Amino acid sequence: MSATIIDGKAFAADIRSRVAEQVAALKTDHGITPGLAVVLVGSDAASEVYVRSKGRMTVEVGMESFEHRLPEETSEADLLALIAQLNADPAVHGILVQLPLPGHMNSDAVINAIDPTKDVDGFHISNVGLLGTGQKAMVPCTPLGCLMMLREHLGDMSGKEAIVIGRSNIVGKPMAHLLLGESCTVSIAHSRTKDIADVVRRADIVVAAVGRPKMIKGDWIKPGATVIDVGINRVEAEGGKTRLVGDVDFDAAREVAGAITPVPGGVGPMTIACLLANTLTAACRANGLPEPEGLTV
Ligand code: GUN
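For the sequence shown, numbering that gives the first Met the number 0 gives the first residue as 0, with consecutive numbering after it.
Now the structure itself:
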């Protein structure tokens with residue numbers, strides 16, 4: 000039987016409209032307009048695309064968007080000075096420094112200079128620690144989007160076997176913590192795992208975040224499992240064109256899985272929607288207001 004396709008595009012649109020509603024209420028009831036500052040250093044083509052769509056969607060939900068574009072050769076000291084200025088600016092509730100940064104910068108030092116309460120990426124060491132100890136944190140956007148989709152499709156995940164494939168700080172590790180928070184039995188597989196197929200075959204929940212096209216095969220998937228594919232890999236297609244594929248062999252996996260996210264149109268759109276949700280959450284917390292319902296963990 001063919002799997003249910005989890006429509007991330009529609010889900011993300013729904014989150015954005017709920018964010019927009021609550022932004023409008025914040026404005027009318029409290030005179031607060033949430034503001035998101037995005038900092039881009041250099042001119043990485045993929046980053047340019049992300050930053051442009053972040054800016055557009057921020058404005059679409061009624062928030063203030065502050066874009067700071069700095070030249071590639073900007074010194075780390077100058078970037079840190081900008082971050083200090085944004086930390087102190089009450090109109091800025093969220094700060095995102097687009098990664099990767101140029102090679103001459105220490106990304107950890109830059110990320111850890113952001114006020115953790117404005118760290119809408121959830122990358123600051125304080126937020127990593129809060130999430131790891133089950134406390135209220137800013138949760139990284141991509142894993143947050145994955146969790147929202149899993150909750151929507153599975154409800155209670157307690158006792159389920161979950162595998163996260165990939166151990167990055169941005170997706171794999173925070174995802175594993177979120178699944179632990181849902182009382183799943185969690186494994187993390189990575190490039191040194193001896194028999195990934197064997198671990199995947201036991202899993203009721205599979206989150207693939209390795210960045211290798213179609214690495215996860217259909218016959219690895221347990222019948223009825225829920226599969227979340229974080230991979231966005233550009234591969235060559237017919238006629239000299241390119242197309243996007245995930246980390247999972249979608250056509251084969253959909254014949255076995257209970258539910259699966261497509262690429263594109265699965266996890267991808269959820270990331271920016273969750274960034275907006277995190278910015279709204281940060282604005283509420285900064286003003287001592289209740290957190291938006293259904294948009295945080
Ligand atoms: N570069 C690619 N994805 C991301 C992200 O989620 N946050 C930041 N800051 N940079 C990125």
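Idealized CB from N, CA, C, for every residue including glycine. Model, not experiment: these values are computed from the prediction.
- Contact between G264 and K53 fails: their C-beta atoms lie close to 18 Å from each other, not under 8 Å.
- When DSSP states are grouped into helix, strand and coil, L95 belongs to the strand group.
- Secondary structure of R201 (DSSP, three-state): coil.
- Under the DSSP assignment, V185 falls outside any alpha helix (DSSP H), being part of the beta strand (DSSP E) whose first and last residues are 184 to 188.
- Judged by DSSP secondary structure, V234 falls within the beta strand (DSSP E) whose first and last residues are 232 to 235.
- At a threshold of 7 Å, L95 counts as near the ligand GUN, since its beta carbon sits closer than that to one of the ligand's heavy atoms.
- For D155, the CB stays at least 7 Å from every heavy atom of the ligand GUN.
- Under the three-state reduction of DSSP, F10 is assigned to helix.
- The alpha-carbon of L146 is positioned some 15 Å away from that of T184.
- Here P99 is exposed. Its C-beta has fewer than 16 other C-beta atoms within 10 Å.
- In the DSSP annotation of this structure, the continuous segment of the alpha helix (DSSP H) that includes H152 starts and ends at 140 to 153.
- The ligand GUN never approaches T278 closely enough for any of its heavy atoms to be under 7 Å from the residue's Cβ.
- Restricting attention to G171, R201, E181, the CA atom closest to the CA of I187 is found in G171.
- Within its own chain, the residues whose Cβ lies closer than 6 Å to the Cβ of P268, once the five positions on either side in sequence are excluded, are G7, K8, A11, listed in chain order.
- Look at the beta carbons and you see the segment 123 to 137 not touching the segment 59 to 70: under three pairs across the two are nearer than 8 Å.
- Around the beta carbon of D246, a 10 Å sphere encloses 16 or more other beta carbons of the protein chains shown; the residue is thus reported as buried.
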